[in-house]
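Participant: First, the structure itself, so that you have it in front of you.
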Amino acid sequence: MHSLSSAPGYLVAAGLYIYLAWLVFSYIQLTTGHALPETLSVWILAFIMEDLCFYFFHRTSHGLGLLWASHAVHHSSVYFNLTVAFRQSWFPFLIIIFYLPLAFAGIPVHIFLTIQALSLLYQACMHTEKLKFPNFLTFVLNSPQAHRVHHSSEERFLNRNFAGVLIVWDRLFKTYTKLEGNTNYGIYKEPVVGNLFDLQFREILRFFSLGSVQIAKLSLPVWVHIGITIVLVVGSVLFLGYTILHPYWYLGL
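Listed below in structure tokens is the structure:
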């Protein structure tokens with residue numbers, strides 16, 4: 008129930024995110040004067056870069072308290088089906104930081120957003136126990152069985168299989184684990200969330216009490232989590248403040 012009830016808020020957030028991405032990419036590329044043409048090779052480059060950046064975002068989301076506070080929403084379901092793909096945070100905006108390499112590389116924003124949308128659609132289809140990829144595909148592509156590992160609440164499967172489309176990143180960076188037998192889903196040693204607003208805000212509130220720092224299980228001191236959070240938040244606020252207070256920069260005025 009909560010998976011689908013989260014969808015309207017997420018769609019609103021997605022619309023705001025699209026505007027934010029357009030703002031960031033346009034500002035960077037107008038400032039640097041570097042934008043690539045719309046060619047097949049640029050589309051291929053955009054796909055590879057987007058998928059790699061997603062891998063690092065996803066992996067960081069399971070380690071850094073602030074990002075985990077948002078991402079935990081998606082992992083809170085004890086079920087694993089297509090509705091879980093709609094169980095998303097209403098606050099996805101910091102992800103844009105991980106895609107800055109594409110902006111600086113000159114990837115046009117409409118190419119980036121199209122690739123990202125197709126990637127998310129592919130990932131949504133991974134949330135099922137009914138479909139199983141053949142072995143030769145699982146060597147290269149993310150698969151439902153690999154993503155079942157990622158959503159497992161069992162300690163043996165924690166923090167594994169972060170891929171979006173290409174599982175090769177997990178194999179390359181030693182985070183791949185093969186599914187063996189059945190598994191349970193949800194957040195490790197966490198109770199089932201009670202209602203929609205608890206689902207969206209519980210981990211964020213816990214983060215500010217440093218609860219999410221421990222749950223994220225990244226072996227960094229608390230002050231590192233706090234320091235990184237301050238840099239991310241202050242940097243984002245300053246950048247957005249500048250672009251909002253100077254609304255004519257994109258016209259070259």
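Residue numbers for the sequence shown follow our numbering, so the first one is 8 and each next one is one higher.
A virtual CB, placed ideally from N, CA and C, is assigned to each residue, including glycine.
1. Roughly how far, in whole angstroms, is the beta-carbon of I35 from the beta-carbon of A92, given that I think they are within contact range, below 8 Å?
2. Go to G188, then tell me how far its alpha helix (DSSP H) extends in each direction, as first and last residue.
3. Between the stretch 50-62 and the stretch 163-182, do at least 3 Cβ pairs fall closer than 8 Å?
4. In three-state terms, what does DSSP make of L173?
5. If I measure Cβ to Cβ from S126 and keep anything under 7 Å in the same chain, skipping five residues before and after, which residues do I get?
6. Tell whether a beta-carbon distance below 8 Å holds between F87 and R167.
7. Which stretch, first to last residue, makes up the alpha helix (DSSP H) that contains F63?
8. Between which residues of its own chain and T122 is the CB-CB distance below 7 Å, once the five residues before and five after are set aside?
9. Look up L165 in the DSSP assignment and say whether it is helix, strand or coil.
10. Taking DSSP as the reference, what is the three-state secondary structure of G96?
11. Smallest Cα separation from R213: which of Y183, G193, I103, L74?
12. Tell me, to the nearest whole angstrom, how far the beta carbon of F180 is from that of F119; I am working on the premise that it is less than 8 Å.
13. Should N149 be labelled buried (16 or more other beta-carbon atoms within 10 Å of its own) or exposed?
14. Where S84 and L107 are concerned, what is the direct C-alpha to C-alpha distance, given to the nearest angstrom?
15. Measure the CB-CB distance between Y17 and Q95 and report whether it falls below 8 Å.
16. So, with DSSP's three-state summary, where would you put L148?
Facilitator: On the basis of the coordinates in this document:
1. About 30 Å separates the two Cβ atoms, so there is no contact after all.
2. Taken as a continuous stretch (DSSP letters only), G188 belongs to no alpha helix (DSSP H), as it is neither H nor E.
3. yes
4. strand
5. Within the same chain, E57, D58, F61, G171, V172 come within 7 Å of S126 by CB-CB distance, once the 5 residues on both sides are set aside.
6. no
7. Run containing F63: 47-68, per the alpha helix (DSSP H) assignment.
8. Looking at the sequence provided, one finds Ile at residue 122 rather than Thr. Excluding sequence neighbours, I122 sits near A53, F54, E57.
9. Shown here, L165 sits in coil according to DSSP, grouped into three states, outside any helix or strand.
10. A small correction: the amino acid at residue 96 is Ser; Gly does not occupy that position in the sequence shown. Three-state result, S96: coil.
11. L74
12. About 23 Å separates the two Cβ atoms, so there is no contact after all.
13. buried
14. 31 Å
15. yes
16. strand
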